[in-house]
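Undergrad:
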Amino acid sequence: MKFFIDTANLAQIKEAQDLGVLDGVTTNPSLMAKEGITGKDNVLRHYKAICDIVEGDVSAEVIATDYEGMIREGEELAELDDKIVVKIPMIKDGIKALKYFSERGIKTNCTLVFSAGQALLAAKAGATYVSPFIGRLDDISFDGIELIEQIRLIYDNYEFETQILAASVRHPMHIIKCAEAAADVMTGPLSAMLALLKHPLTDSGLAQFLADHAKVNS
Ligand code: G3P
């Protein structure tokens, strides 16, 4: 399973890249706003800065919600760097835009997906990635992981090439459950990735090893 980081924070992206396990980055307009990135030129410059740090795909979301606007914005984003994946919302014009970009070999990520039917449509339109938001489903008492399993079954039944990018991942158990459900990618915060490291027996075991070593080497 590929690990993407879900942030527009350059320091966190660099930290994850330096860890050596990062495969890409996802952003969204809320994450860009959180970093205080405003104005078209600054936004494009910021995406380019992310591409310069990371080895892998970088999802950059369109703001337009009409077909022509999404095409215009998506083409501009895709021209920035080969790593750019145009992120398109799951709406009617979005489906048409996914098809347009897929026919031209431009990578896409269909975002705000909350049902198997939406994921089926995204795959039929040729999306490179589909982003089911598992955390936001869990927030309203729907099982996000169950949706990943459902999409996996459907995509495997028909050999769709669209990759399942489990999004809205919040904690380490989400990452583990996504891996069990055979998601192709998960995107989450750096804190969730680093939390995978933790085990009290690792900490106590290492402390014991070092203490035993020190006893005979001091
Ligand atoms: O990038 C989209 C998604 O990952 C958002 O996550 O935590 O805002 O639900 P969250």
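Under this note's numbering, think of the first position of the sequence shown as 427, with each following residue one higher.
Built from N, CA and C at the ideal position, the CB exists for glycine as well.
In this text the structure is predicted, and so the values were computed from the model without any measurement.
In angstroms, rounded to a whole number, what distance separates the CA positions of LYS428 and ILE574?
TA: Distance between the alpha carbons of LYS428 and ILE574 is about 15 Å.
Undergrad: Considering only their Cβ atoms, is the gap separating LEU470 from LEU506 smaller than 8 Å?
TA: yes
Undergrad: Could you spell out the range, first to last residue, of the beta strand (DSSP E) harbouring GLY614?
TA: Annotation: the continuous beta strand (DSSP E) that includes GLY614 extends over 611 to 614.
Undergrad: Below 6 Å CB to CB, which residues in the same chain sit around VAL511 once its five sequence neighbours on both sides are set aside?
TA: The residues are ASP483, SER485, LYS533 and ASN535.
Undergrad: Can you have a look at TYR584 and say buried or exposed, based on whether 16 or more other CB atoms are within 10 angstroms of its CB?
TA: Residue burial is scored here from C-beta neighbours: TYR584 has fewer than 16 other C-beta atoms within 10 angstroms and is therefore classed as exposed.
Undergrad: Report yes if the C-beta of ALA486 is less than 7 Å from at least one heavy atom of the ligand G3P; otherwise report no.
TA: no
Undergrad: Looking only at its chain, what residues have a beta carbon closer than 7 Å to the beta carbon of TYR526, apart from the 5 residues adjacent to it on each side?
TA: ILE497
Undergrad: Are the beta-carbon atoms belonging to TYR555 and LEU591 less than 8 Å from one another?
TA: yes
Undergrad: Taking Cβ positions, are THR464 and THR613 nearer each other than 8 Å?
TA: No.
Undergrad: Straight-line CA distance for ILE517 to HIS472?
TA: 26 Å
Undergrad: How would you write the range of the beta strand (DSSP E) that THR534 sits in, first residue to last?
TA: 534 to 539
Undergrad: What do you reckon, is the C-beta of ASP649 under 7 Å from a heavy atom of the ligand G3P?
TA: Nothing in the structure corresponds to residue 649, since the chain is present only between 427 and 644.
Undergrad: Quick check on this structure: which residue in ASP638, SER541, MET619 and LYS641 has the alpha carbon closest to the alpha carbon of GLU572?
TA: Comparing alpha carbon positions, the residue from ASP638, SER541, MET619 and LYS641 closest to GLU572 is SER541.
Undergrad: Between LEU445, ILE514 and ILE566, which lies nearest to ALA549 when the distance is taken from Cα to Cα?
TA: Measuring from the Cα of ALA549, the nearest candidate turns out to be ILE514.
Undergrad: What is the DSSP secondary structure of LEU591, counted as helix, strand or coil?
TA: strand
Undergrad: Using the C-alpha atoms, what's the distance from GLU441 back to ASP559?
TA: A small correction: the amino acid at residue 559 is Phe; Asp does not occupy that position in the sequence shown. Distance between the alpha carbons of PHE559 and GLU441 is about 24 Å.
Undergrad: Which first and last residues belong to the beta strand (DSSP E) in which ALA486 is found?
TA: 483 to 487
Undergrad: Quick check on MET599: buried or exposed, where buried means 16 or more other Cβ atoms within 10 Å of its Cβ?
TA: exposed
Undergrad: I need the DSSP call for THR464, collapsed to helix, strand or coil.
TA: In the structure shown, THR464 falls within a coil segment according to DSSP collapsed to helix, strand and coil.
Undergrad: Hey, how far is the Cα of ALA633 from the Cα of HIS625?
TA: 13 Å
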